[in-house]
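Here is the structure we will look at.
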Amino acid sequence: MIKNFDLGDVVEMKKTHPCGSKNWEIIRIGADIKIKCLGCGRIVMLPRNKFEKSAKKVVNKESN
């Protein structure tokens, strides 16, 4: 469970996507989190609490 994430960060999720990738890029932050699969480009919107439980770690921190 992660709490420190920002727009543009790449996060590793606990479960793999059907395309085989575990890495997702955060493209929107609010009450819901919108993430984009780096394997196939699929975009998914999750409630913040579900995202925080499903995310394993921040792989690549976006430098602002």
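FYI, the numbering for the sequence shown is -3 to 60, going by this note's numbering.
All C-beta atoms in this analysis are idealised placements derived from N, C-alpha and C, irrespective of residue type, glycine included.
Keep in mind it's a predicted model, so treat the numbers as computed, not measured.
Contact under 7 Å by Cβ, Cys33 with Trp20: Cβ atoms of Cys33 and Trp20: closer than 7 Å.
Classification of Val40 by the beta-carbon crowding that lies within 10 angstroms, buried from 16 upward: Within a 10 Å sphere around the beta-carbon of Val40 sit fewer than 16 other beta-carbons, which makes this residue exposed.
Option nearest Ile23 by Cα separation, candidates Gly16, Lys11 and Asp2: The option with the nearest alpha carbon to Ile23 is Asp2.
Spatially closest choice to Phe47 from Val55, Lys30 and Asp5, by CA coordinates: Of the listed residues, the one whose Cα sits closest to Phe47 is Lys30.
Buried versus exposed call for Asp28 [16 or more other C-beta atoms within 10 Å across all chains shown]: When all chains shown are included, Asp28 counts as exposed.
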